[in-house]
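Presented below is the structure to which this report refers.
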Amino acid sequence: MASMAVASLRRSLLLLRETAVLNTTQSSQLLFRTRVGSIFRFSTDSSPLDVDLADKESKRRLHNRLLYRSRQRGFLELDLVVGSWVEEHIRDMDDLHIKALTDVLDLENPDLWKWLTGQEQPPESVGRNPVFSAMKSKVMANLNSHASPEARANPGQPWVRGWDDKKAMQGGGPFGNQ
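Okay, here's the thing in structure tokens:
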């Protein structure tokens, strides 16, 4: 029950973060953070940060930044899955897909992993994201081709089995190290 409450709280905070705008006042100027995905800059005007994808150097920097963020999430499974997907597809992305990718990269690691592997249903806003949908379809195709269904958790159920479940099923002790 506690994990469900934590997940619910995390989703609520994610929704709040999506709608919030950071405003601070400094020396009688409104200083706020404008955003395209997770690429931030501080400015005194209200114009959004636009990355010119027609400029080769700007596009290269953006691609490198997004590649780094996708490969260095701190969650090995996501580093591999998301990093390889981004590496394959980033060169073909337009502005809309770049923004969708930055939204995916802003998601919390445990939630993203559960949503990509089908352990939990993603929120509607995440489920409609075209980049998330493409990543999820690749992950599910890989799971279906490389892992038997009995080796995976049922949808909506956390994976809590241990490394030696087969031993316990064959009449071993109730705990893993017996």
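Position 119 of the sequence shown, counted from 1, bears residue number 119 in full-length UniProt numbering, the numbering being contiguous throughout.
All C-beta atoms in this analysis are idealised placements derived from N, C-alpha and C, irrespective of residue type, glycine included.
As the structure is a computational prediction, the values presented were derived from the model and not from experiment.
Rounded distance between the beta-carbons of residue j and residue i, thought under 8 Å
i           : j           : result
residue 78  : residue 109 : 6 Å
residue 85  : residue 136 : At roughly 10 Å, the Cβ-Cβ gap does not stay under 8 Å, so residue 85 and residue 136 are not in contact.
residue 118 : residue 155 : 5 Å
Reduced DSSP secondary structure (H/G/I, E/B, other) of residue i
i           : result
residue 132 : helix
residue 74  : coil
residue 148 : coil
residue 9   : helix
residue 140 : helix
residue 109 : helix
residue 54  : coil
residue 104 : helix
Outcome for residue i when other beta-carbon atoms lying within 10 angstroms are tallied against a minimum of 16
i           : result
residue 217 : Any question about residue 217 goes unanswered here, given that the chain covers just 1 to 178.
residue 70  : buried
residue 96  : exposed
residue 66  : buried
residue 120 : buried
residue 9   : exposed
residue 61  : exposed
Quiz item: Do three or more CB pairs link the stretch 99-114 to the stretch 123-130 at distances below 8 Å?
Solution: Result yes; three or more Cβ-Cβ pairs closer than 8 Å.
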